[in-house]
Amino acid sequence: MIVPIAANLSLEETQEQCKLQQADTFQLTGITVGEKTDQTTGQVFPVNKCTFEIVQEGLPKDLLFVEGVVDTNPFGTKLFDCKMFVESNEKDVSVFGK
Amino acid sequence: MRKAPRTEPAISTRLATIICLAIVICVSAVVPARAQKKPPILADGEISAFNTQDIRNLENTASGTDANAQIARNKLIAIGVEQIDAAFNDYRKKSRKRHDRLQFLFDFLEIGASSAINIITGGERARSLIAEGLSLFQGSRAAFNKDFRFLERQILFDKMVAKRSQKLTEIYAKLNDGMGEYSWEQARSELRSYFYAGTIDEALSSLSVDTGAEAKDSKDKLERAQRKAGIKVAVTKEQADANTAASNVFRPIITDSDQNKSLAKMKAIYDAAALDPDLKGQLNILTQDEDLEDRDKEAIGDALTKIKENRGDFAAYRLVLGYLRRQVINLIPTDPRPNKAFQEILKQNQ
């Protein structure tokens, strides 16, 4: 599942939206920058394309987004690094899970 | 005793000073634009708008409740408007004159100092001092313009005129109201608001409110357009609450070691959802979600087939209910009914 999340959101807002999309069933596995077009108007919006995979056993990991490339965080284990939109600017972000 | 010879810098400085004075005299000699002479009927102090005794008499009459009181109230309103307009126009005229004089003085000093640097020959120390003085003056002028909003004067006055006009229209709309509906005291309070509408503080506050409202309006428009395009925006409070409530039910089920119990609960939730008119519709369009890839749609299709053929396992129910939960919570900002139905079912199966 690839969920487009608005590029103008803050880091925390994007994090909360990803947590909601996990719905105790899916795990966030990656984020890339991209675009989404409104098919009726043709308007193009910058978005963060967030990829989720089905969790077969147990619960998905809770998420923490940290700006910059960070190796460790007391919150949990690093899931992945990515380049994503934060308030419409492209930034390096490390995603941790527990 | 011989006089000390005049040095080059002293001569140049004197020449610069003479030129500056000549310019000031020429400019001062130009007759400034004068305001129009006021016609006698509008002469302050002579007319009823500024006659204290007349106003007191009218206030006494306006304390009644009959038609005469209403006429007196309306006259007082007209007098109040005239006085406030006179005060505002006087303030605006003085502000314009002060602004124009100060701007000319600032410009003159700046040009004068720049020219003086070039006129003075030799005397590096003198030129350096004038240059430093010019930098100080230019920095101070920029700070003055910013802190006293000097250059925004016209914008502020335009806002004052607009607010005054709005307030006056509201007052005039009530002139036909009886004394029971619109007393002189009420009218006087509104005249006070009319007066404040013509002040700098009120204009600044109004500009701030308008700017804030415009920014919010733009943000709301963008969000609507993004939602329409299928883009997820900031989580609303309702969505966050719904997600928390759903987690409170699903997490214990998912983590329960008794798999038969977990399966029974998931089955009960699914069966209730399949019977609910709002949720049945959502289940039918589960695979139409734009965010799903082909393998997601395939997985949902397989799970639904298993469930319909009465061989659904825990994984199948979990998958379908997970997509359904996500779908109804995503829908809350535009249609909260499916989530409301879903939350009811979860409460019953807690």
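Residue numbers (our numbering), protein chains in the order written: chain A, 1 to 98; chain B, 1001 to 1350.
Idealized CB from N, CA, C, for every residue including glycine.
Bear in mind the structure is a predicted one, so any value in this text is a computation, not a measurement.
Test item: CB-CB of residue i and residue j under 8 Å
i, j, result
"B/P1336", "B/E1223", "no"
"B/I1254", "B/R1311", "no"
"B/I1171", "B/I1111", "no"
"A/E13", "B/A1234", "yes"
"B/G1230", "B/E1290", "yes"
"B/L1324", "B/M1266", "no"
"A/F26", "A/P60", "yes"
"A/G97", "A/T72", "no"
"B/F1106", "B/R1141", "yes"
"B/A1245", "B/Q1343", "yes"
"A/Q22", "A/F52", "yes"
"B/D1158", "A/M1", "no"
Whole-angstrom C-beta distance between residue j and residue i, which should lie under 8 Å
i, j, result
"B/S1095", "B/R1153", "7 Å"
"A/V47", "A/G30", "At roughly 14 Å, the Cβ-Cβ gap does not stay under 8 Å, so A/V47 and A/G30 are not in contact."
"B/K1306", "B/A1299", "That pair is no contact at about 11 Å."
"B/A1225", "A/Q39", "At roughly 13 Å, the Cβ-Cβ gap does not stay under 8 Å, so B/A1225 and A/Q39 are not in contact."
"A/L79", "A/C50", "Wrong, their Cβ atoms sit about 12 Å apart, outside the cutoff."
"A/L20", "B/N1243", "5 Å"
"B/A1341", "B/L1279", "5 Å"
"B/S1262", "B/D1256", "5 Å"
Between the CA atoms of residue j and residue i - distance to the nearest angstrom
i, j, result
"B/A1303", "A/L9", "34 Å"
"B/A1131", "B/A1113", "8 Å"
"B/Q1053", "B/R1073", "15 Å"
"B/L1283", "B/K1219", "32 Å"
"B/L1168", "B/Y1194", "7 Å"
"A/V3", "A/V69", "23 Å"
"B/D1276", "A/E67", "44 Å"
"B/R1192", "A/D24", "60 Å"
"B/L1346", "B/A1162", "55 Å"
"A/I5", "B/E1181", "54 Å"
"A/Q15", "B/N1260", "34 Å"
"B/Q1350", "A/G58", "19 Å"
"B/I1071", "B/L1156", "35 Å"
"B/I1079", "B/F1050", "8 Å"
"B/I1332", "A/V55", "25 Å"
"B/L1129", "A/M84", "53 Å"
"B/T1287", "B/K1232", "18 Å"
"B/L1082", "B/R1056", "Looking at the sequence shown, residue 1082 of chain B is not Leu but Glu. Cα to Cα, B/E1082 sits roughly 16 Å from B/R1056."
"B/F1137", "B/K1097", "22 Å"
"A/C82", "A/F45", "20 Å"
"B/H1099", "B/N1145", "11 Å"
"B/A1029", "B/R1101", "Because B/A1029 carries a pLDDT of 49, less than 50, the predicted location of this residue cannot be relied on, and no value is offered for it."
"B/A1126", "B/G1133", "11 Å"
"B/K1308", "B/K1216", "48 Å"
"B/E1202", "B/M1160", "8 Å"
"A/S94", "A/C18", "14 Å"
"B/F1250", "B/E1214", "42 Å"
"B/K1174", "B/A1240", "48 Å"
"B/S1115", "B/S1135", "14 Å"
"B/A1274", "B/I1285", "12 Å"
"B/N1339", "B/K1228", "19 Å"
"B/D1177", "A/T37", "56 Å"
"B/Q1166", "B/D1147", "29 Å"
"B/A1264", "B/D1210", "57 Å"
"A/T41", "B/L1204", "39 Å"
"B/A1103", "B/N1330", "Residue identity check: residue 1103 of chain B is Gln in the sequence provided, not Ala. Distance between the alpha carbons of B/Q1103 and B/N1330 is about 58 Å."
"B/L1058", "B/K1093", "31 Å"
"B/N1248", "B/S1206", "46 Å"
"B/Q1327", "B/M1179", "59 Å"
"B/A1067", "B/K1221", "51 Å"
"B/G1139", "A/T32", "47 Å"
Closer than 7 Å: residue i CB and nearest the ligand HEM heavy atom
i, result
"A/L63", "Ligands are entirely absent from the displayed structure, and the ligand HEM is therefore not among its contents."
Inset, instruction - Select from the segment 1178 to 1207 of chain B all residues with a C-beta closer than 8 Å to any C-beta belonging to chain C, and list them in chain order. - result: Chain labels in this structure do not include chain C; the protein chains are A and B.
Inset, instruction - Check whether the segment 1191 to 1203 of chain B touches the segment 1079 to 1087 of chain B, taking contact to mean three or more Cβ pairs, one atom from each stretch, closer than 8 Å. - result: yes
Inset, instruction - Answer yes if the segment 77 to 91 of chain A comes into contact with the segment 5 to 20 of chain A, meaning at least three C-beta pairs across the two stretches below 8 Å, and no otherwise. - result: yes
Inset, instruction - Evaluate contact between the segment 1058 to 1067 of chain B and the segment 1173 to 1192 of chain B, counting only Cβ atoms and requiring at least three cross-stretch pairs below 8 Å. - result: Here the segment 1058 to 1067 of chain B makes contact with the segment 1173 to 1192 of chain B; the two share three or more CB pairs at distances below 8 Å.
Inset, instruction - Please specify which runs of the alpha helix (DSSP H), each continuous and at least 4 residues long, are wholly inside the segment 1188 to 1258 of chain B, giving them in chain order. - result: As summarised for the segment 1188 to 1258 of chain B, the continuous alpha helix (DSSP H) elements at least 4 residues long and confined to that stretch are 1200 to 1228, 1237 to 1255, given in chain order.
Inset, instruction - Would you mind listing the beta strand (DSSP E) stretches within the segment 52 to 91 of chain A that are 3+ residues and don't spill past its ends, in chain order? - result: Annotation note: the segment 52 to 91 of chain A contains the following uninterrupted beta strand (DSSP E) runs of length 3 or greater, listed N- to C-terminal: 63 to 67, 77 to 86.
Legend entry - Complete alpha helix (DSSP H) runs within the segment 1258 to 1328 of chain B (minimum length 4 residues, chain order): Within the segment 1258 to 1328 of chain B, complete alpha helix (DSSP H) segments of at least 4 residues are found at 1259 to 1275, 1277 to 1284, 1294 to 1308, given in chain order.
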